[in-house]
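Asks: Below: one structure in structure tokens.
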Amino acid sequence: MGRTSELNTLRAVLAGAEHEGTALLLQGDPGVGKTVLLDAVAVRARADGLRLLRLVGVESEQALAFSALHQLLYPLFNHLGELPSFQSRVLEQALSLREGQAPGRFAISAAALALVQAASEERPLAVVVDDVHWIDRSSAEVLTFLTRRLGSCRAAFVMAARSKGNGFLDTTGLRVLDVGPLAPADALTLLNDRHPGLAEPTRRRLLQEAEGNPLALVELPGRLSAAQRDGVEALPVNLPLSSRLESVFADRFRALTPRARFALLLAALDGQRPGNLRDVRAASAQAGAEEVDGLLEVAERIGLIRVDHLAEQITFRHPLARSCVVHMSPGGRRRAAHGLLAAVAKGEPERRAWHLAHASDGPDESVAVELTEAAERTLARGGAAEAAAAFRRAAELSQDRTARTGRLDKAAFAAGIAGLLETAHELAEANSAETLRGTAAAAYVLFHREGDVDAVFRILLPVMRAAAEDSVLEDADAFDDAFYVLLNAAVWAGRAELWPPVYDLLGRVSEAARMCFDAVADPARTAHDVRQRLDRATAALSPATPSWRVTWLIYSAMYVDCFAFYDGVWRDLVGHDAYDSLRFAQVARAHDAFMLGDWDKMLAVGSRNIADAAGHEYNLLHMVFTYGLAMVASGRGDEEALRRHCEAITAWAQPRRMNLLLSTVNETRARAAVGRGDFEEAFALTAALTPPGELTPHFPHFPRVFLDLVESAMRTGRVAEARAHVEAGRQARIDAISPHHALILAAGRAITAPDGRAAELYEAALALPDAGLWTYDYARTRLLYGEWLRRRREYTAARVQLSAALELFEQHLKSPPWARRARNELRAAGVDVGLPQGGGRVAMSAQERRIAELAASGLSNKQIAQQLNISPRTAGAHLYRVFPKLGITSRAALRDALKAFDE
-13 MGRTSELNTL
-3 RAVLAGAEHE
7 GTALLLQGDP
17 GVGKTVLLDA
27 VAVRARADGL
37 RLLRLVGVES
47 EQALAFSALH
57 QLLYPLFNHL
67 GELPSFQSRV
77 LEQALSLREG
87 QAPGRFAISA
97 AALALVQAAS
107 EERPLAVVVD
117 DVHWIDRSSA
127 EVLTFLTRRL
137 GSCRAAFVMA
147 ARSKGNGFLD
157 TTGLRVLDVG
167 PLAPADALTL
177 LNDRHPGLAE
187 PTRRRLLQEA
197 EGNPLALVEL
207 PGRLSAAQRD
217 GVEALPVNLP
227 LSSRLESVFA
237 DRFRALTPRA
247 RFALLLAALD
257 GQRPGNLRDV
267 RAASAQAGAE
277 EVDGLLEVAE
287 RIGLIRVDHL
297 AEQITFRHPL
307 ARSCVVHMSP
317 GGRRRAAHGL
327 LAAVAKGEPE
337 RRAWHLAHAS
347 DGPDESVAVE
357 LTEAAERTLA
367 RGGAAEAAAA
377 FRRAAELSQD
387 RTARTGRLDK
397 AAFAAGIAGL
407 LETAHELAEA
417 NSAETLRGTA
427 AAAYVLFHRE
437 GDVDAVFRIL
447 LPVMRAAAED
457 SVLEDADAFD
467 DAFYVLLNAA
477 VWAGRAELWP
487 PVYDLLGRVS
497 EAARMCFDAV
507 ADPARTAHDV
517 RQRLDRATAA
527 LSPATPSWRV
537 TWLIYSAMYV
547 DCFAFYDGVW
557 RDLVGHDAYD
567 SLRFAQVARA
577 HDAFMLGDWD
587 KMLAVGSRNI
597 ADAAGHEYNL
607 LHMVFTYGLA
617 MVASGRGDEE
627 ALRRHCEAIT
637 AWAQPRRMNL
647 LLSTVNETRA
657 RAAVGRGDFE
667 EAFALTAALT
677 PPGELTPHFP
687 HFPRVFLDLV
697 ESAMRTGRVA
707 EARAHVEAGR
717 QARIDAISPH
727 HALILAAGRA
737 ITAPDGRAAE
747 LYEAALALPD
757 AGLWTYDYAR
767 TRLLYGEWLR
777 RRREYTAARV
787 QLSAALELFE
797 QHLKSPPWAR
807 RARNELRAAG
817 VDVGLPQGGG
827 RVAMSAQERR
837 IAELAASGLS
847 NKQIAQQLNI
857 SPRTAGAHLY
867 RVFPKLGITS
877 RAALRDALKA
887 FDE
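The sequence shown lines up with residues -13 to 889 when you count with the working numbering.
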């Protein structure tokens, strides 16, 4: 009643599910009618032939990772066979249906989306979600992922949450429909319809106090005496609306017998999932109660619950009824109910552990051990936030002081992984014992949230030095965790005085940590064998690999430009350290996207992760991704965006003396200056970072400015400085670090070579294995070669190089300043080149077309490489560029896509 507009909106959402997925969130105060609207959606969905899926967030299940996701996906498990086997395994592992290595949150979300897509192909779905604010964090994050990617699904997601209380659901970009109070006329109609014959003073008072809340209008009059309804007796003084509504259910609860109340308490604490009626029966039997179904029937008759005997499920008529049952039950009764539910949950260790924890009224080491084990399993599945809560409760239950300290440390560690930096900080401070892991957790927060490098060194160094004095490290993993924070702080600070103590501790870290140090601390001098060590480390990985080792590998790979080559191998292992590792993997993916020339992907990854970092107070990562956006802005000549990004970085990094982060301002401004031809500015900016002829110690970003310095020096007549810098790179053997390093050194040698050798060196640079993978530097090298050829009036050869460079700059990188340089040179070489046409499809190069045709015929990358005399990686890189041009995501779609492309 009074919801015509809302119902029309909801019908439109359902109607759209036939063609394209969409999501809508209903928001409103308790009792405003959200559940009634959801019921109307369910009825309409069934009438329209949609498959209906319903789930309800339950407060008591918030600590159980993926409990709501289980409600959503379990009915769709008959479609698991339609998914790739690894995705079906991911879902079975996340929902505790299969043992195995913890999948990452992205893998779980992507698999869930694939399952929804598969199910919706058979029949459109209507997914109705009530009480979103009670959904566990892990499920809410997956739900957020799904609702943002429904375009390819025939599914309508309609959700409801309390106003200003969406729980863990991120509503950014989500369509929200506010369900407000009923209009006065509609409120009066509803009251008269449900409670005719009320005295006028009573009616006015109820309308005034209900403030248009439908539940209050329906429920409150029924609790009045006949004299009160007739206006003979004055109405009682009402409490605030939320308390008043709860009191409605409280009266009904009090009307039940003690045994019926206890049965309802069991139902309230067990969660509203299919099969909970079995648990309530079993727990009641253990308590000596019989005929529990008769007790529940009474509660159903008075409107507190609904019982579905077919699904063996008890659901509360309204969330406030469930809350009322719990809050009105004495603590002793709640503990007894949890104890009975624990006894019947032996096959569900996490649920059992939490019931035991709630049943305990004091320290209990056996329960603490069981809850700790449950927390470890939850963390392994990627539920870091829930694991942190479990570790924290286990610490509260600990009888052994040492065990309590260890559990608090683990709670702080898990909270940090989950991005709950404030919680991690509180837990670290709550631990009175100064432990290595606890101190590392505190330092982690200081570094990522505050950017306080000096505080990190101040608190970490004494504890690490004390631990290093022992002949055998008591906790080698914790020492590596601490070293990870210390190394990060030293790298981003970029201050010479911080490095000696880091070197002092190198002898006590793992090989993985040492390899990472060699990759990132001073790569020009120590990173030459990191690629080979990464191969060995990757070969040694197993499902039991500790999370920190994967983090070290990701960090190492990023600085030797090979993360993309290992990403697929590591994807599942990253789940060990779900939050922190996934964030760092995102940093690595963003970096690789820039280096490999997929700048649109860099922008997408960067923008998405800036929002995520801001939401979790990961302020350093916020700046790191801002730097990524600045890299693209500099390459594309977007001066306004570059200015904004650089100002943001400077404002944050300068007061914290984070010199490496500050150096990114000069780096990106220099790239932009070279692009627009301002070589004097470019030389000044790059020379301030790495003086000509010197690869500055502990400056891991030297490759990112190497060619800018060399070219700007040559263009401004500083030939000696340019050659000195190339010679410094040659003596440092930077070409041994990675194929990308080899390309920039080879290009630098060609740029600075005398005319008699330049052509030979340019050809050698372009012929390097996998040179074409590094789109920006490869295109730049072809442009420079073409410019050199054109100046020598070798126009035919120049046109080949310049045309290739123009295609890369214009179509792949979408870089106006560099495309303009290439176009101007082509005109000077006698080619009439117009401006690029807007719209239309993106053309494929001849090489891309040939590789796509071979792949469509069924050849592998290795077989294609053998036919075309290229490397498998180059073949894969070309396919990587072809897929978005054809609008596809897999090789299986190539044949049809090529046919459609030709038509």
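C-beta: ideal position from N, C-alpha, C; glycine also. Since the structure is predicted, the reported quantities are computational estimates derived from the model, not experimental observations.
Determine the burial state of H56: buried for a count of at least 16 other Cβ atoms within 10 Å of its Cβ, exposed for fewer.
Replies: Label assigned to H56: buried.
Asks: Which residues mark the beginning and the end of the alpha helix (DSSP H) in which Q57 is found?
Replies: From DSSP, the alpha helix (DSSP H) with Q57 extends over S53 to L59.
Asks: What did DSSP end up calling A634 once you bin it into helix, strand or coil?
Replies: Here A634 sits in helix by DSSP.
Asks: What is the C-beta distance between A744 and A736, in whole angstroms, given that I count them as a contact (C-beta under 8 angstroms)?
Replies: Contact holds; Cβ gap of about 6 angstroms.
Asks: For A814, which residues in the same chain have their Cβ closer than 7 angstroms to its Cβ, ignoring the five residues on either side in sequence?
Replies: For A814, where only same-chain residues beyond five positions count, the Cβ hits under 7 angstroms are R776.
Asks: Kindly list the residues whose CB is nearer than 6 angstroms to the CB of A323, restricted to its own chain and excluding five residues on each side of it in sequence; keep chain order.
Replies: Hits under 6 angstroms: L251, L252 and L255.
Asks: Does DSSP put F688 in a helix, a strand or coil?
Replies: Residue state, collapsed to three classes: helix.
Asks: Between A93 and V76, is the Cβ-Cβ spacing less than 8 angstroms?
Replies: Yes, they are a contact pair.
Asks: For L812 and T761, I'd like the C-alpha separation in whole angstroms.
Replies: The alpha-carbon atoms of L812 and T761 are separated by roughly 20 angstroms.
Asks: Just to confirm, are V660 and E697 a CB contact at a threshold of 8 angstroms?
Replies: A contact, by the Cβ cut-off of 8 angstroms.
Asks: Answer with buried or exposed for A523, where buried requires no fewer than 16 other C-beta atoms within 10 angstroms of its C-beta.
Replies: Result: buried.
Asks: A454 and R494 look like a contact to me (Cβ under 8 angstroms); what is the Cβ gap, rounded to whole Å?
Replies: Confirmed, Cβ separation roughly 5 angstroms.
Asks: Going by C-alpha to C-alpha distance, which of D461, A452, E497 and A627 sits closest to P487?
Replies: The candidate whose alpha carbon is nearest that of P487 is A452.
Asks: With a cut-off of 8 angstroms, does the C-beta of T676 fall near any C-beta of chain B?
Replies: Protein chains in the displayed structure number just one, and chain B is not present.
Asks: For L357 versus H341, is the C-beta distance shorter than 8 angstroms?
Replies: Not a contact, by the Cβ cut-off of 8 angstroms.
Asks: Report buried or exposed for T243, applying the criterion of at least 16 other Cβ atoms within 10 angstroms of its Cβ.
Replies: Burial call: exposed.
Asks: Measure the alpha-carbon distance for D216 versus R191 and round it to whole angstroms.
Replies: Between D216 and R191, the C-alpha separation is close to 13 angstroms.
Asks: Kindly list the residues whose CB is nearer than 6 angstroms to the CB of A863, restricted to its own chain and excluding five residues on each side of it in sequence; keep chain order.
Replies: So the qualifying residues of the chain are L759.
Asks: Which stretch, first to last residue, makes up the beta strand (DSSP E) that contains G14?
Replies: First-last of the beta strand (DSSP E) with G14: T8 to G14.
Asks: Contact check, C139 vs S95 under 8 angstroms by CB: the rounded distance?
Replies: Actually they are not in contact, since the Cβ atoms of C139 and S95 sit about 13 angstroms apart, beyond 8 angstroms.
Asks: Just checking, does the region 534 to 552 make contact with the region 497 to 509 on the three C-beta pairs under 8 angstroms criterion?
Replies: Contact holds: three or more Cβ-Cβ distances are below 8 angstroms.
Asks: Please state if the CB of L201 and the CB of G17 are separated by a distance shorter than 8 angstroms.
Replies: Yes. Within cutoff.
Asks: When you compare the region 406 to 423 with the region 463 to 480, are there three or more beta-carbon pairs, one atom per stretch, that lie closer than 8 angstroms?
Replies: They touch, by the three-pair rule.
Asks: Could you tell me the distance, in whole angstroms, from the CA atom of F72 to the CA atom of Q518?
Replies: F72 and Q518: Cα-Cα distance of roughly 28 angstroms.
Asks: Give me, in chain order, the residues of the same chain whose beta-carbon lies closer than 8 angstroms to that of K800; leave out the 5 immediate sequence neighbours on both sides.
Replies: Result list for K800: W585, D586 and R622, in chain order.
Asks: Quick test of the definition: if touching needs 3 or more C-beta pairs under 8 angstroms, does the region -3 to 10 touch the region 177 to 193?
Replies: Counting Cβ pairs under 8 angstroms, fewer than three are found: no touch.
Asks: May I have the straight-line CA-CA distance separating A673 from T682, to the nearest angstrom?
Replies: Each residue's alpha carbon lies about 10 angstroms from the other.
Asks: Go ahead and pull the three-state DSSP assignment for I928.
Replies: What the structure shows of the chain is the stretch from -13 to 889, and residue 928 is not part of that stretch, so it cannot be assessed.
Asks: Between the region 367 to 379 and the region 77 to 84, can you find at least three pairs of beta-carbon atoms closer than 8 angstroms?
Replies: With the cut-off at 8 angstroms, the region 77 to 84 and the region 367 to 379 touch.
Asks: So what does I291 bridge to, in DSSP terms?
Replies: Paired residue(s): F302.
Asks: Tell me where the beta strand (DSSP E) around R148 begins and ends.
Replies: Taken as a continuous stretch (DSSP letters only), the beta strand (DSSP E) holding R148 covers A141 to R148.
Asks: Using 10 angstroms around the beta-carbon of R148, count the other beta-carbons present and answer buried if the total reaches 16, otherwise exposed.
Replies: Buried, since its Cβ has 16 or more Cβ neighbours within 10 Å.
Asks: Would you mind reading off the limits of the beta strand (DSSP E) that contains R267?
Replies: R267 -> not in any beta strand (DSSP E); alpha helix (DSSP H) instead, spanning N262 to Q272.
Asks: Are three or more beta carbon pairs between the region 118 to 138 and the region 36 to 45 nearer than 8 angstroms?
Replies: Short answer: they touch.
Asks: With the cut-off set at 8 angstroms, would you say D350 and L383 are in Cβ contact?
Replies: Cβ atoms of D350 and L383: closer than 8 angstroms.
Asks: If you count every other CB in all the chains shown that lies within 10 Å of the CB of L(-4), and 16 or more means buried, which is it?
Replies: L(-4) should be labelled buried.
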